[in-house]
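Encoded as structure tokens, the structure appears first; notes follow it.
Protein chains: 2
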Amino acid sequence: MTKPLNIAVAGLGNVGAKVVTLIQQQAEILEQRSGRAINIAAVSARNPSLDRGFDLTGLRWVSDPLALAAEPEIDVVVELIGGSEGPARHLVERALSAGKHVVTANKALLAHHGTALAEMADRHGCVLAFEAAVAGALPIIKSLREGLAGNRVREVHGILNGTCNYILTEMRETGRSFAEVLSEAQKLGYAEADPSFDVDGVDSAHKLAILTAVTFGCAVNFAAVHVEGIRHISPLDIAYASELGLRIKLLGIARRTDRGIEQRVHPCLVPQQAPIAAAEGVFNAVVADGDFADKVLLVGRGAGGGPTASAVAADLVDIARGRRTPPFGIPASALEPLRPAAIADRVGAYYLRLMVVDRPGVIADVSAALRDHAVSLESVLQRARSPDQPVPVVLTTHETREADLMGAVSRIAALAAVVETPRVIRIEQF
Amino acid sequence: MTKPLNIAVAGLGNVGAKVVTLIQQQAEILEQRSGRAINIAAVSARNPSLDRGFDLTGLRWVSDPLALAAEPEIDVVVELIGGSEGPARHLVERALSAGKHVVTANKALLAHHGTALAEMADRHGCVLAFEAAVAGALPIIKSLREGLAGNRVREVHGILNGTCNYILTEMRETGRSFAEVLSEAQKLGYAEADPSFDVDGVDSAHKLAILTAVTFGCAVNFAAVHVEGIRHISPLDIAYASELGLRIKLLGIARRTDRGIEQRVHPCLVPQQAPIAAAEGVFNAVVADGDFADKVLLVGRGAGGGPTASAVAADLVDIARGRRTPPFGIPASALEPLRPAAIADRVGAYYLRLMVVDRPGVIADVSAALRDHAVSLESVLQRARSPDQPVPVVLTTHETREADLMGAVSRIAALAAVVETPRVIRIEQF
């Protein structure tokens, strides 16, 4: 029998606790599938006396996580501390430098330092695995790096943040405002006390930057991600979307174009029948579009202890079996710099909602602005009429360049009859 | 640089041709992702002069596929001949015995001889890979064996045959009969001239038997699959399903129960909102339900040259990279015999459609038969009334044991007022 794989788990929050539970509870199947036992040689967390809902008896406690990188008998460090700097980064760097494999769920760390860490892993002949960093239980990293290895993937897009998807789903189903639903999500534990990381799109952008590198074999470039969140999405826009047969989702999209690689996170209008629209509530979903495979969709739980622990365990079994893949699918030295495509050059359809004072000539002025910027209209919805109050006018465009659309919107915003900042939402036809 | 991986492709039909095209066209990315070149050392097919729509120049032609197993410089045999016996089986057996890795898309071969071939592969230290045998482009074998390796999967179910899914989707969308839609599908090339393999559920059953072995770590047991096809599905049942908020899908289901493992392929009624119901037309979809991951859904193209070639290429890259996994996830020697659960012991809900002569007392007689077999009703639909012609009565039951339901159905079928064989369709709540 091959000797056990000795792992150390750093960070015993919700995910860390579930990882320990999984490894203990599934010891037998893990050994069968790995060809060797997986043994927890040490754990580390800030507070050893905290009740974590599972039995720590028999686990060796190391108070300084960085010390784990120096222990010769440890083969793999599982980093579940989180954060792009500080102890998480130091631990991963030291572990790789010491020739240890690293498994991490830390998307912020990879989004900011992924390329450098991949180079470090390659240099020391170590695995740097991060299935758990993107879309929880979905084996999306494995599917892109290995399952679709025969494809040039043209595009990957997905619902990468369960909190935002839950909020948008609830808003649609109940008609309530963003603020109301967010506050409820916080009570239910679906959203953090400080929700900005989720609702402003940062978490999705971290994950997208990782997906982009894996998909296109390029260096991780988080700074190049165009990011917008969901705070400004109103029940009115959700209702209009339904009327148009569309649904609002916060998507991360990475697309290869002639102008470079688009990386963007923002609310999108997608057709209700698009398979990705069926992923509701806390679920995540990712679509990869390969030149031979065509579109492959994965849907499942993107967060939570169990699903994330499942992904960590998959990485551990790969390491235990000796299955090796460079972090981003190809050697780090071969990762090309990402050439970003400017968002202003995006070509696609747009949804535009104006609040206008209902007086003669408004639509003519709006239409003229669009025409002058070469934007052609697909539909106009103006139903509610009120002599006293501003009424919504909803326009959808045919394919147009974003810079042209934005030029027209600036002119429209300046019209006297237009009383609020126009709302623009990109439409994606999948 | 590591030396190239030399492969031989046996069988140059639609899939074989696409595999050759893919390997030629994607040579550069395959080499980056594999760490070595993948080289087509030989091809073999019955008719060398047939126009296959691609350039065979430069490919070495071997007329006898079995000869490929004897060539020392060939590392991998890609078997795309098909069929559970004959040349395909001989080639795979000889190749493995000669210490060559085998990649195959042959579900019939694996369904009938999977365990023996896995033992042979293990004994000779070879890879036997078959991502392409189940659900085309979906990396479902990889996801089950590797991505969900930390889970005890409780159940796997899926739409495994695109032809049947296309027919059922068309029937629902157009209201036409099975025969009409089948004939159209044949004209479009979506169904074979002899469609029985698809529409009678055999193809789905082959794939399910493979999925079951991978999911539960048991020997492949095709004989234990309960198989029903879709020939008897009528537009009437499809219309009633819609009225009940359900959709008819031909599913393969493998489920671990206290009574053993259920393996069954048959038409199912599933809720319209079930994620799997969103897979329409020629698409395949598979759901795996893990104890840590929860439900993971994969959707994509299950057949066709490109998607199948994509799966073959993934297996080749795994081999080229040295990533090794036993064929069914654990060593063949550890695969336990599958203990089949009898279909008569299935516990679930049922849809029952009777054609009855509309006379007083019929419903009372039907209800009494159900009551006497301990079957309780969820709903009764009887709308059309006609003094002259039989009218449909549609019943749905609460959870009941299949043997009890069938006992009641036998008694109901014998009633004078019931003029056709009652139609029974199982309801699955996912």
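Here the protein sequences line up with chains H and S, keeping their order. Going by our numbering, the first residue of the first sequence is number 1, and it counts up by one from there. Going by our numbering, the first residue of the second sequence is number 1001, and it counts up by one from there. Where a beta carbon is used, it is the ideal one built from N, C-alpha and C, also for glycine.
#### Entry: The alpha helix (DSSP H) enclosing K1018/S, as first and last residue numbers
Here residue 1018/S refers to the residue found at position 18 of the second sequence. K1018/S -> alpha helix (DSSP H) spans N1014 to Q1025.
### Message
With H, G and I counted as helix, E and B as strand and the rest as coil, what does DSSP make of C1164/S?
### Response
Along the second sequence, read from residue 1 onward, the residue named residue 1164/S stands at position 164. Here C1164/S sits in helix by DSSP.
### Query
On the three-state DSSP scale, how would you describe D122/H?
The sequence position of residue 122/H within the first sequence is 122, counting from 1. Three-state result, D122/H: helix.
### Message
Counting only Cβ-Cβ distances shorter than 7 Å, please list the residues of the region 1125 to 1153 of chain S near chain H, keeping chain order.
### Response
A1137, L1138, P1139, K1142, S1143, E1146, G1147, L1148, A1149, G1150, N1151 and R1152
### Query
Under the DSSP definition of a beta bridge, which residues are partnered with N1039/S?
On the second sequence, position 39 is the one that residue 1039/S refers to. Beta-bridge pairing links N1039/S to N1006/S.
### Query
What did DSSP end up calling I1253/S once you bin it into helix, strand or coil?
For this step, residue 1253/S is matched to residue 253 along the second sequence. It is a strand residue.
### Query
If we cut at 9 Å on Cβ distances, does Q1026/S have a partner in chain H?
Against the second sequence, residue 1026/S aligns to sequence position 26. It does; some Cβ of chain H falls within 9 Å.
### Query
In chain S, what lies closer than 8 Å to P307/H by C-beta?
In the first sequence, the residue the question calls residue 307/H occupies position 307. Among the residues of chain S, those whose CB is under 8 Å from the CB of P307/H are F1292, A1293 and D1294, following chain order.
### Task
Tell whether a beta-carbon distance below 9 Å holds between P340/H and A332/H.
Working through the first sequence from its first residue, we reach residue 340/H at position 340. Working through the first sequence from its first residue, we reach residue 332/H at position 332. Between P340/H and A332/H, the C-beta spacing is not below 9 Å.
### Query
Hey, how far is the Cα of V156/H from the Cα of T212/H?
The residue given as residue 156/H occupies position 156 in the first sequence. The residue given as residue 212/H occupies position 212 in the first sequence. Going by the C-alpha atoms only, they are around 8 Å apart.
### Query
Out of R1426/S, P1392/S, F1328/S and G1361/S, which has the shortest C-alpha to C-alpha gap to K1142/S?
For this step, residue 1142/S is matched to residue 142 along the second sequence. Relative to the Cα of K1142/S, the nearest Cα in the group R1426/S, P1392/S, F1328/S and G1361/S belongs to F1328/S.
### Message
As an exercise, report each continuous alpha helix (DSSP H) stretch of at least 4 residues that is fully enclosed by the region 1347 to 1425 of chain S, in chain order.
### Response
1362 to 1372 and 1402 to 1413
### Task
Ignoring anything shorter than 4 residues or poking outside the region 1171 to 1252 of chain S, list the alpha helix (DSSP H) runs there in chain order.
1178 to 1188, 1196 to 1199, 1202 to 1216 and 1235 to 1243
### Message
Whole angstroms are fine: how far does the CA of R1423/S sit from the CA of P1360/S?
### Response
Taking the second sequence and counting its residues from 1, the one referred to as residue 1360/S is at position 360. Taking the second sequence and counting its residues from 1, the one referred to as residue 1423/S is at position 423. When rounded, the distance between both Cα atoms is 22 Å.
### Spatially closest choice to R1411/S from S1386/S, L1381/S and H1373/S, by CA coordinates
Here residue 1411/S refers to the residue found at position 411 of the second sequence. Measuring from the Cα of R1411/S, the nearest candidate turns out to be H1373/S.
### Cβ shell of A1414/S (< 7 Å), same chain only, five flanking positions each side left out
Taking the first residue of the second sequence as position 1, residue 1414/S is located at position 414. Taken in chain order, the list of residues that qualify is empty.
### Query
Which residues of chain S have a Cβ atom closer than 7 Å to the Cβ of I330/H, listed in chain order?
Counted from its first residue, the first sequence places residue 330/H at position 330. Those within 7 Å of I330/H in chain S are Q1032 and R1033.
### Task
Identify, in the order they occur along the chain, each residue of the same chain with its Cβ nearer than 7 Å to the Cβ of I1040/S, setting aside the five sequence neighbours on each side.
Here residue 1040/S corresponds to residue number 40 of the second sequence, with the count starting at 1. Cβ within range, chain order: I1007, V1009, V1020, I1023 and L1059.
### Query
Skipping 5 residues on each side, what residues in its chain have a beta carbon closer than 6 Å to that of G1260/S?
Your numbering for residue 1260/S matches position 260 in the second sequence. Excluding sequence neighbours, G1260/S sits near R1339, P1340 and A1341.
#### Entry: For T169/H: DSSP bridge partner residues
Taking the first residue of the first sequence as 1, we reach residue 169/H at position 169. In DSSP, T169/H forms no bridge with anything.
### Query
Is there a Cβ from chain S that is less than 9 Å from the Cβ of R172/H?
Start at 1 with the first residue of the first sequence, and residue 172/H comes out as number 172. No, no contact with chain S.
### Query
CA-CA distance, G1348/S and V92/H?
Within the second sequence, the letter at position 348 stands for residue 1348/S. Within the first sequence, the letter at position 92 stands for residue 92/H. Going by the C-alpha atoms only, they are around 50 Å apart.
#### Entry: Strand pairing of G281/H, partner residues [DSSP]
Your numbering for residue 281/H matches position 281 in the first sequence. In the DSSP output, where bridge partners are listed per residue, G281/H has none listed.
#### Entry: Counted within 10 angstroms of its Cβ, other Cβ atoms place L50/H as buried (16 or more) or exposed
Here residue 50/H refers to the residue found at position 50 when the first sequence is read from its first residue. Under this definition L50/H is an exposed residue.
### Query
CB of D1365/S to nearest heavy atom of the ligand GTP: below 8 Å?
No copy of the ligand GTP appears in this structure; indeed no ligand is present at all.
### Query
What are the start and end residues of the beta strand (DSSP E) that includes I1319/S?
As a position in the second sequence, residue 1319/S is number 319, starting the count at 1. Element bounds for I1319/S: not the beta strand (DSSP E) but the alpha helix (DSSP H), G1305 to R1321.
### Task
Output, in chain order, the set of chain H residues within a Cβ distance shorter than 9 Å of T1325/S.
Locating residue 1325/S in the second sequence gives position 325, where the first residue counts as 1. Those are R33, R321 and R323, listed as they occur along chain H.
#### Entry: Given Y350/H as reference, the closest of Q25/H, A408/H, C164/H and G16/H once Cα atoms are compared
The residue you call residue 350/H lines up with position 350 of the first sequence. Comparing Cα positions, the closest option is A408/H.
### Query
Where do the N-terminal and C-terminal ends of the beta strand (DSSP E) with G58/H fall, by residue?
As a first step, residue 58/H is located in the first sequence; it is residue number 58 there, counting from the start. Careful: G58/H lies outside any beta strand (DSSP E) and carries neither H nor E.
### Query
For the putative contact between V1270/S and E1428/S, defined by C-beta atoms under 8 Å, what is the C-beta separation to the nearest angstrom?
Numbered from its first residue, the second sequence carries residue 1270/S at position 270. Numbered from its first residue, the second sequence carries residue 1428/S at position 428. Confirmed, about 5 Å.
### Query
What do you get for P72/H, buried or exposed, if any count of 16 or more other CB atoms within 10 angstroms of its CB means buried?
Along the first sequence, read from residue 1 onward, the residue named residue 72/H stands at position 72. By the 10 Å Cβ count, P72/H comes out exposed.
### Message
Would you say L1370/S lies against chain H (beta-carbon separation less than 9 Å)?
### Response
Your numbering for residue 1370/S matches position 370 in the second sequence. Judged by the 9 Å Cβ criterion, L1370/S is not in contact with chain H.
### Query
So which of L1109/S, N1161/S, A1098/S and G1013/S has the shortest CA-CA distance to R1301/S?
On the second sequence, position 301 is the one that residue 1301/S refers to. Minimum Cα distance to R1301/S is reached at N1161/S.
### Message
Here's the rule: buried if 16 or more other CB atoms are within 10 angstroms of the residue's CB, otherwise exposed. What is Q1389/S?
### Response
The count along the second sequence starts at 1 and reaches residue 1389/S at position 389. Its Cβ having fewer than 16 others within 10 Å, Q1389/S is exposed.
#### Entry: 8 Å contact criterion, which T215/H and L128/H should meet: CB distance rounded
As a position in the first sequence, residue 215/H is number 215, starting the count at 1. As a position in the first sequence, residue 128/H is number 128, starting the count at 1. Not a contact, Cβ separation roughly 17 Å.
### Query
How should H232/H be labelled, buried or exposed, when 16 other C-beta atoms within 10 angstroms of its C-beta is the threshold for buried?
For the purposes of this step, residue 232/H is taken as residue 232 along the first sequence, with counting starting at 1. Flag for H232/H reads exposed.
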